[in-house]
Amino acid sequence: MEVLVEDIILAIDLGATNILYGVANVKGDILYKNVLATNSNLGANYVLSKLANIIERLLAEHNKKGQVKAVIVATPGPLSHLDKIVYNSPNLHWNRVAIKKELQARLNHPTLPIMIEKDTNMAVLGEYYFGQDRQYSNLIYITVSTGIGGGIIINDRLYRGANGGAGEIGHLVVKPNGERCGCGQYGCLEALASGRAIAKQAQERIIQVGFPHIGSKEVGELARQGNSLAIAILDEALDNLARGLANVVNLFNPNIMVLGGGVIEGLQDLWLDRLVEKVLGSVFKLNAQNLKIEMTKLGGDIGLYGCVAAYVFFKEGQRV
3 MEVLVEDIIL
13 AIDLGATNIL
23 YGVANVKGDI
33 LYKNVLATNS
43 NLGANYVLSK
53 LANIIERLLA
63 EHNKKGQVKA
73 VIVATPGPLS
83 HLDKIVYNSP
93 NLHWNRVAIK
103 KELQARLNHP
113 TLPIMIEKDT
123 NMAVLGEYYF
133 GQDRQYSNLI
143 YITVSTGIGG
153 GIIINDRLYR
163 GANGGAGEIG
173 HLVVKPNGER
183 CGCGQYGCLE
193 ALASGRAIAK
203 QAQERIIQVG
213 FPHIGSKEVG
223 ELARQGNSLA
233 IAILDEALDN
243 LARGLANVVN
253 LFNPNIMVLG
263 GGVIEGLQDL
273 WLDRLVEKVL
283 GSVFKLNAQN
293 LKIEMTKLGG
303 DIGLYGCVAA
313 YVFFKEGQRV
């Protein structure tokens, strides 16, 4: 199927904290974007209705000539690829939510295609297509934000696994008998190095000495000021993150590992050089050869770019 330059899509990046949504053309130009709080604590029905309202509003404003060709939604996983059911999402607190079916039931546009993909899969597609211009056949994208996740490109193809559950890098166990994770296991990478994990450590250790309402951003600010507790918290999180990423490198042997997400972007000056050094020093020398580890250049919009990439691949008849 031909991709027309005038085609536009509605792109939605559903996060545990915020919903980033926008309108984009197939060249990757983001024509409009906005962000709203997810309020996932109010339950799946509330969030799904909010998504439907966003879509209806965007269609009313941007589809006067019928140029909107699809709605593309990136959602936290685990997501079953075939039936588009979100299973036991520790960050959204959803279990067995048929997100595509539920959205279709709430919309008044039965012929409008809706594509659903796991958020980290969308992100790695965006990085592969727009961020790296398809120059690397084996690419891993890692997000460190509220949680930790990954997307995997192997030999120029998105790797989902048998049921769509691949890439749950945040649930690699890096510290047996460590902190309990939202998934129910102990010692997961996400429970030790995510924004939520850093905030939890800070609230337990720093709040006692006069720093209320502290999260990863505030921990970073305190570390830059020389606060020893903040430095210790970030050092522990960094060590665990490096351990997890080294496991990923040894498992997949990528050409490039791209990092993104609000937490690592906010701590880039404190973390990036040391993280790269720790990972490269922990993996097999063969896997370290010519390995690039860098921050995404797409910033917080990577999920929107991924939505565009997914649409283009689909229209071009490529398997993604």
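The numbering used here puts the last residue of the sequence shown at 322; the count rises by one with no breaks.
Cβ atoms here follow ideal geometry from the backbone N, Cα and C, with glycine treated the same way.
{"Asked": "Where the alpha helix (DSSP H) through N257 begins and ends", "Found": "Per DSSP, N257 belongs to no alpha helix (DSSP H) and is neither H nor E."}
{"Asked": "4-residue-minimum alpha helix (DSSP H) runs that sit fully inside the segment 248-320, ordered along the chain", "Found": "264-268, 270-282, 287-290, 304-317"}
{"Asked": "C-alpha gap between G327 and K67, whole angstroms", "Found": "Past the edges of the chain, shown from 3 to 322, lies residue 327, and the structure says nothing about it."}
{"Asked": "Beta-ladder partner(s) of R182, from DSSP", "Found": "Y188"}
{"Asked": "Separation of V265 from L53, as counted between CA atoms", "Found": "25 Å"}
{"Asked": "Buried/exposed call for N123, threshold 16 Cβ in 10 Å", "Found": "buried"}
{"Asked": "Cut-off 7 Å between Cβ atoms - residues of its own chain near V221, not counting five sequence neighbours on either side", "Found": "I200, A204, A232, I235, L236"}
{"Asked": "Inter-stretch contact (C-beta, 8 Å, three-pair minimum) for the segment 127-134 and the segment 9-28", "Found": "no"}
{"Asked": "Expected contact under 8 Å - CB spacing of A248 and V285 to nearest Å", "Found": "5 Å"}
{"Asked": "Sequence-distant residues of its chain with Cβ nearer than 7 Å to N252 (five each side left out)", "Found": "V285, F286, N289"}
{"Asked": "At least 3 beta-carbon pairs within less than 8 Å: the segment 33-46 vs the segment 88-100", "Found": "yes"}
{"Asked": "Chain-order list of residues whose beta-carbon lies under 7 Å from that of N242 (same chain, five-residue window excluded)", "Found": "V176, K177, L191, L194, A195"}
{"Asked": "Beta carbon of A76 nearer than 7 Å to that of G305", "Found": "yes"}
{"Asked": "Coil, strand or helix - Y89 by DSSP", "Found": "coil"}
{"Asked": "Sequence-distant residues of its chain with Cβ nearer than 7 Å to R276 (five each side left out)", "Found": "L240"}
{"Asked": "According to DSSP, residues forming a beta bridge with D15", "Found": "L22, A76"}
{"Asked": "Spatially closest choice to I14 from Y188, V250, D303, by CA coordinates", "Found": "D303"}
{"Asked": "Rounded C-alpha distance that separates C183 from R162", "Found": "23 Å"}
{"Asked": "Neighbourhood of Q137 by C-beta distance below 7 Å, restricted to the same chain and skipping five residues each side", "Found": "none"}
{"Asked": "Close Cβ partners of F254 (< 8 Å) along its chain, the five nearest in sequence each way excluded", "Found": "N140, I142, I154, I156"}
{"Asked": "Under 7 Å between C-beta atoms of S307 and G79", "Found": "The question names Ser, yet the displayed sequence has Tyr at residue 307. Cβ distance not < 7 Å, so Y307 and G79 don't count as in contact."}
{"Asked": "Buried or exposed (CB count within 10 angstroms, at least 16 for buried), A62", "Found": "exposed"}
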